[in-house]
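Asks: Here it is, the structure in full.
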């Protein structure tokens, strides 16, 4: 029953699906992170379904990305925009964190959103029917596992917010990352997918630690979106 409540919490956090009310006491956010890759599997299934039904072409790529944005409430896009604005416009740690709290879209965020969305759509369009269900499922799970990896390894940048409540080591977090990696080993192009995702997680984690002092919710959102895009771009280049 506890595991089901944690899955429900992960769905409520990472999607806009009506997950219902959690019975009893809600689990801590940190303990529910093991379920993030499971939510990623579901997101990948939605993305592939829309992509395949729409013809697996350029228009299908845009529709698939749009469906995923609707499914998640565009929270990862918002995280990337805020992260880019903070990293690009922040003079120091405090100024960067202040910018990231601002809901307005800045120039760095607009450019980052445009470039990443365009790269993602072009990569999917280039792959066409080669972007099959296995790739969608693996990338959906891996990109959420990258979020978990940062939660397990980075301190919170603030004393409040999502980054603070989600940070810290848990027994299930690293287990979820390891199990996701083992599952992806069954996929074609597994080295390419794992390498792309790990590279993004390491790069974003290092930048967040250096500039922000640790983890925020926007860092997690940026990590997921950049990891997903990097995987699709890497697949389109081979």
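In the numbering used here, the protein residues as written are -9 to 228.
Where is the CB? At the ideal position from N, CA and C, for every residue including glycine.
1. Between the stretch 85 to 94 and the stretch 124 to 143, can you find at least three pairs of beta-carbon atoms closer than 8 Å?
2. Give, in chain order, every unbroken run of the alpha helix (DSSP H) that is at least 4 residues long and sits entirely within the stretch 22 to 88.
3. Going by C-alpha distance, which of 134, 208, 178, 23 is nearest residue 219?
4. In the DSSP output, which residue or residues are listed as bridge partners for residue 205?
5. CA-CA distance, residue 94 and residue 7?
6. Taking the alpha-carbon positions, what's the residue 54 to residue 193 distance?
7. From which residue to which residue does the alpha helix (DSSP H) around residue 97 run?
8. So what does DSSP say about residue 242, is it helix, strand or coil?
9. Mind the definition here: the stretch 199 to 208 touches the stretch 64 to 84 only if three or more C-beta pairs lie below 8 Å; say whether that holds.
10. Once DSSP output is grouped into helix, strand and coil, what is the label at residue -9?
11. Using a threshold of 8 Å, state whether the C-beta atoms of residue 21 and residue 162 are closer than that.
12. Taking its Cβ as the centre, do 16 or more other Cβ atoms sit within 10 Å of residue 13, making it buried, or is it exposed?
Replies: According to the data block:
1. Output reads no: the stretch 85 to 94 does not touch the stretch 124 to 143.
2. As far as the stretch 22 to 88 is concerned, its whole alpha helix (DSSP H) runs of at least 4 residues are 26 to 43, 48 to 62, 65 to 79.
3. Comparing Cα positions, the closest option is 134.
4. Partner(s): 146.
5. Computed Cα separation, rounded: 26 Å.
6. Taking the straight line from one Cα to the other gives about 27 Å.
7. Boundaries of the alpha helix (DSSP H) harbouring residue 97: 97 to 117, taken from the DSSP string.
8. The shown model of the chain, from -9 to 228, leaves out residue 242, and the question about it has no answer.
9. The stretch 199 to 208 makes contact with the stretch 64 to 84: 3 or more CB pairs, one atom from each, lie closer than 8 Å.
10. Here DSSP, grouped into helix, strand and coil, assigns residue -9 to coil.
11. Result yes, Cβ atoms of residue 21 and residue 162 sit closer than 8 Å.
12. With fewer than 16 other Cβ atoms within 10 Å, it is exposed.
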